[in-house]
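Notes follow the structure.
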Amino acid sequence: MSDAEHYDGGISRRTLVKSTAIGSLALAAGGISLPFGLKSAAAAVKHAVQPPEDTVVWGACSVNCGSRCALRLHVRDNEVYWVETDNTGEDVYGDHQVRACLRGRSIRRRINHPDRLNYPMKRVGKRGEGKFERITWDEALDTIAASLKDVVANYGNEAVYINYSSGIVGGNITRSSPYASLVARLMNCYGGFLSHYGTYSTAQIACAMPYTYGSNDGNSTSDIENTKLVVMFGNNPAETRMSGGGITYYLEQARERSNARMIVIDPRYTDTAAGREDEWIPIRPGTDAALVAGIAWVLIDENLVDQPFLDKYCVGYDEKTLPEGAPANGHYKAYILGQGDDHTAKTPEWASRITGIPADRIVKLAREIGSAKPAYICQGWGPQRQANGELTSRAIAMLPILTGNVGINGGNSGARESTYTITIERMPLPDNPVKTQISCFSWTDAIARGPEMTALRDGVRGKDKLDVPIKFIWNYAGNTLINQHSDINKTHDILQDESKCEMIVVIDNFMTSSAKYADIVLPDLMTVEQEDIIPNDYAGNMGYLIFLQPVTAPKFERKPIYWIMSEVAKRLGPDIHQKFTEGRTQEQWLQYLYAKMLEKDPQLPSYDELKKMGIYKRKDPNGHFVAYKKFRENPEANPLKTPSGKIEIYSSKLAKIAATWELEKDETISPLPVYASTRQPSTAGTRPSARGSRCSCLASTLRPVPTRATVTWTC
8 MSDAEHYDGG ISRRTLVKST AIGSLALAAG GISLPFGLKS AAAAVKHAVQ PPEDTVVWGA
68 CSVNCGSRCA LRLHVRDNEV YWVETDNTGE DVYGDHQVRA CLRGRSIRRR INHPDRLNYP
128 MKRVGKRGEG KFERITWDEA LDTIAASLKD VVANYGNEAV YINYSSGIVG GNITRSSPYA
188 SLVARLMNCY GGFLSHYGTY STAQIACAMP YTYGSNDGNS TSDIENTKLV VMFGNNPAET
248 RMSGGGITYY LEQARERSNA RMIVIDPRYT DTAAGREDEW IPIRPGTDAA LVAGIAWVLI
308 DENLVDQPFL DKYCVGYDEK TLPEGAPANG HYKAYILGQG DDHTAKTPEW ASRITGIPAD
368 RIVKLAREIG SAKPAYICQG WGPQRQANGE LTSRAIAMLP ILTGNVGING GNSGARESTY
428 TITIERMPLP DNPVKTQISC FSWTDAIARG PEMTALRDGV RGKDKLDVPI KFIWNYAGNT
488 LINQHSDINK THDILQDESK CEMIVVIDNF MTSSAKYADI VLPDLMTVEQ EDIIPNDYAG
548 NMGYLIFLQP VTAPKFERKP IYWIMSEVAK RLGPDIHQKF TEGRTQEQWL QYLYAKMLEK
608 DPQLPSYDEL KKMGIYKRKD PNGHFVAYKK FRENPEANPL KTPSGKIEIY SSKLAKIAAT
668 WELEKDETIS PLPVYASTRQ PSTAGTRPSA RGSRCSCLAS TLRPVPTRAT VTWTC
């Protein structure tokens with residue numbers, strides 16, 4: 008990198024004087040009168056500073072905030088010179104410009120960064136030491152294919168694992184999540200792999216909410232236009248969805264239209280609050296469910312619950328809707344009033360001692376929630392990131408349930424907000440012959456003690472237990488091998504023991520902390536360096552598609568993921584290669600998949616039109632998404648995907664799990680959304696960390712960017 012590429016946040020006196028002088032001359036050339044002797048000099052400067060015409064290439068930021076914002080990259084002589092963002096349309100609410108934040112706009116520094124991976128490498132030191140030597144692509148691919156064949160022959164396909172990764176959440180061909188699409192496609196062509204369920208972001212809420220609703224849906228943020236009160240539990244879109252492609256813009260615009268009062272409940276004063284909120288209620292981390300219970304006590308005591316809604320749409324609120332087989336007084340109302348097993352009334356005073364929120368404020372909050380109709384009650388992903396977090400998720404959902412705010416405009420289910428997207432045709436995945444699954448965060452256990460892991464103790468799905476440990480790991484565009492996984496010291500010891508996992512393959516743009524544990528490291532192209540189509544995700548009720556074209560020709564020996572997987576497939580056998588590629592190039596796959604999209608959605612522009620446009624936008628034709636609206640309108644004709652077809656406050660499925668699973672003493676599974684304390688720190692002086700903390704190093708490709716020290720990168 009040249010000196011000009013290094014940014015230290017300052018400017019020298021010499022640079023300032025020089026810039027001022029040139030600027031003055033340029034202004035003079037623009038028509039300001041100057042002495043005759045300076046006019047010719049100014050004209051020369053004007054001619055000198057005119058840049059040659061750039062080629063503008065559309066790209067996108069597809070990292071794990073999920074917003075997926077448009078980029079316009081200006082290219083000259085196979086180099087990106089500067090980056091702007093979406094400038095199309097009138098930029099009005101509902102058809103606004105998808106403007107990237109500083110993270111997306113910094114992509115030029117990542118593209119050109121000297122620390123990028125340029126060549127295939129093999130490890131020559133211990134795992135984790137970061138000692139590698141350059142090898143050829145043939146040696147790298149031959150080594151990977153030979154190891155894969157050996158592991159499958161000796162242990163079976165269940166010993167091959169694709170690690171959770173979220174470095175490229177937006178791509179289609181390039182996508183790394185929920186599974187690395189092309190890696191999973193290859194493995195399914197070769198007998199399958201051990202898969203995982205859940206994500207590091209949403210493991211508990213995504214698992215818990217379906218026990219209540221049958222799914223994990225919420226109203227769109229734009230529906231706040233129709234509400235009177237917004238209550239946000241640990242939801243911080245101004246940091247986690249901060250860009251023009253995110254939902255903060257919708258939150259502000261919708262509140263302007265509804266004039267809704269907004270209450271933020273969070274341990275810290277977040278950017279989503281930041282003067283926008285009407286009230287911030289700080290809370291002790293991990294105690295949201297206790298607050299909900301205290302609010303519920305007031306709602307019941309002051310007759311603020313929607314009893315007709317609870318009778319018609321819900322199971323388990325009181326004795327008359329308690330399912331068969333449930334114990335007497337096993338319902339939610341009994342739990343709140345202290346008539347259940349713990350004989351403790353969940354009064355505001357009880358909740359205050361746990362949450363740190365004054366009892367009178369809990370009473371006031373309960374009355375606000377009980378009297379505002381509709382009320383938009385939602386939660387972010389922070390509250391569930393704790394021990395027993397699934398109970399917290401279900402508990403927060405109780406507030407809209409108790410007040411009858413589910414399935415209506417301006418209400419919500421208590422889940423995180425939903426978004427409207429244009430459905431794209433994904434890269435097809437053949438069926439995985441290996442039906443076994445583990446939780447996304449238990450892969451280190453599967454390396455260390457795989458055959459000991461069972462369904463009842465460790466959450467193994469698909470069969471009663473694992474037969475073999477993990478022996479081969481694919482890690483594409485992810486940094487959870489070591490950076491985002493818990494108990495790093497233990498993980499380090501497990502990964503460094505080569506007698507356990509025999510091969511780790513990392514495909515990335517940079518030498519991340521996870522890549523240092525690889526046996527083979529392969530240099531991938533960035534998404535903006537290859538052709539792909541990316542849809543929006545967390546972006547309110549305006550869907551869009553972005554057509555990515557290669558911003559520059561590939562440099563050094565960097566290769567696209569499709570080429571890499573095709574070459575591995577070739578080494579596994581001609582039949583595997585044919586099954587994987589189906590005779591198509593990456594561009595031909597995009598054309599094929601887009602043709603499928605046009606069949607289902609003829610309103611879309613043609614492939615060539617989209618390629619020329621760069622970005623295509625479309626507002627939700629229904630205006631706002633309302634979760635469970637059809638169920639609310641006609642529950643018999645549109646039952647939920649729960650066993651009863653109704654909202655299950657008491658879950659018989661969870662009652663069965665609680666009775667049969669082998670749990671640790673500090674683990675709680677309850678059929679009711681109760682409060683259970685988080686695990687207590689084992690070391691004196693430590694305390695649980697507040698949720699949603701600023702995380703400047705989570706996204707591996709952002710570490711090299713100098714501005715990261717002054718910008719909050721989102722999780």
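So the number in this note's numbering is just where the residue sits in the sequence shown, counting from 1, plus 7.
The beta carbon of each residue, even a glycine, is placed where N, CA and C say it ideally should be.
Keep in mind that this is a model prediction, so the values were computed, not measured.
With 16 other CB atoms within 10 Å as the buried threshold, where does residue i fall?
{"i": "E655", "result": "buried"}
{"i": "V131", "result": "exposed"}
{"i": "F563", "result": "exposed"}
{"i": "G37", "result": "Confidence at G37 is low in this model, with a pLDDT of 38, below 50, so its placement is unreliable and the value that follows should be read with caution. Looking at its Cβ environment, which holds fewer than 16 other Cβ atoms inside 10 Å, G37 is exposed."}
{"i": "K327", "result": "exposed"}
{"i": "W506", "result": "The question names Trp, but residue 506 in the sequence shown is Ser. Exposed."}
{"i": "K138", "result": "exposed"}
{"i": "D318", "result": "exposed"}
{"i": "D313", "result": "buried"}
{"i": "N629", "result": "exposed"}
{"i": "D428", "result": "Here residue 428 turns out to be Thr, not Asp, going by the sequence shown. So T428 ends up on the buried side."}
{"i": "R392", "result": "buried"}
{"i": "A160", "result": "exposed"}
{"i": "D98", "result": "exposed"}
Using three-state DSSP, classify residue i as helix, strand or coil.
{"i": "T150", "result": "helix"}
{"i": "C196", "result": "helix"}
{"i": "Y229", "result": "One point to set straight first is that residue 229 is Ser, not Tyr, in the sequence displayed. Helix."}
{"i": "P440", "result": "coil"}
{"i": "A382", "result": "strand"}
{"i": "C108", "result": "coil"}
{"i": "A665", "result": "helix"}
{"i": "A49", "result": "Annotation note: pLDDT 42 at A49 (below 50); position unreliable, coordinate value reported separately. Three-state DSSP puts A49 in a helix."}
{"i": "E536", "result": "helix"}
{"i": "E505", "result": "coil"}
{"i": "R20", "result": "Note that R20 scores a pLDDT of 34, beneath 50, so its modelled location is shaky and nothing firm can be said."}
{"i": "S188", "result": "helix"}
{"i": "Y623", "result": "strand"}
{"i": "K603", "result": "helix"}
{"i": "N496", "result": "helix"}
{"i": "Y168", "result": "strand"}
{"i": "M405", "result": "helix"}
Can residue i and residue j be called in contact, C-beta distance under 8 Å?
{"i": "T519", "j": "N170", "result": "no"}
{"i": "V512", "j": "D526", "result": "yes"}
{"i": "P678", "j": "S659", "result": "yes"}
{"i": "K472", "j": "M460", "result": "yes"}
{"i": "A107", "j": "I553", "result": "no"}
{"i": "A665", "j": "W481", "result": "no"}
{"i": "N195", "j": "P437", "result": "yes"}
{"i": "T95", "j": "R112", "result": "no"}
{"i": "D230", "j": "G417", "result": "yes"}
{"i": "I288", "j": "R368", "result": "yes"}
{"i": "S183", "j": "Y483", "result": "yes"}
{"i": "I489", "j": "G457", "result": "no"}
{"i": "D349", "j": "H338", "result": "no"}
Quick check on this structure: which residue in the options has the alpha carbon closest to the alpha carbon of residue i?
{"i": "R264", "options": "T426, T228, G251, E286", "result": "T228"}
{"i": "V575", "options": "G96, V513, A300, A153", "result": "A153"}
{"i": "A366", "options": "A404, K607, E589, A300", "result": "A300"}
{"i": "N223", "options": "Y204, T277, S400", "result": "S400"}
{"i": "A297", "options": "L317, T354, L258, V312", "result": "T354"}
{"i": "K636", "options": "P567, Y320, S573, R275", "result": "Y320"}
{"i": "L532", "options": "Q585, V558, N548", "result": "V558"}
{"i": "A394", "options": "Y324, T143, P292", "result": "P292"}
{"i": "L463", "options": "L661, M216, E246", "result": "L661"}
{"i": "P542", "options": "C68, V64, V63", "result": "C68"}
{"i": "S359", "options": "T294, D452, M239, L398", "result": "T294"}
{"i": "Q610", "options": "M572, E589, P567, Y551", "result": "Y551"}
{"i": "I376", "options": "N179, I431, L311, W357", "result": "L311"}
{"i": "E86", "options": "C72, A546, L109, R116", "result": "R116"}
Say yes only if the C-beta of residue i is nearer than 7 Å to one or more non-hydrogen atoms of the ligand NAP, and no if none qualify.
{"i": "V681", "result": "Absence of the ligand NAP is noted for the structure shown, with no ligands found whatsoever."}
### Query
If you pair each beta-carbon of the stretch 420-427 with each one of the stretch 328-335, do three or more pairs fall below 8 Å?
Contact fails: fewer than three Cβ-Cβ distances are below 8 Å.
#### Entry: contact_flag[the stretch 613-632, the stretch 92-104] where n(CB pairs < 8 Å) is 3 or more
With the rule of 3 Cβ pairs closer than 8 Å, the stretch 613-632 counts as touching the stretch 92-104.
### Query
Should the stretch 402-415 be called in touch with the stretch 437-449, which here means at least 3 C-beta pairs below 8 Å?
No, they do not touch.
### Task
Take every Cβ of the stretch 69-88, pair it with every Cβ of the stretch 252-260, and state whether three or more of those distances are shorter than 8 Å.
In short, these stretches touch, since the Cβ pair count reaches three.
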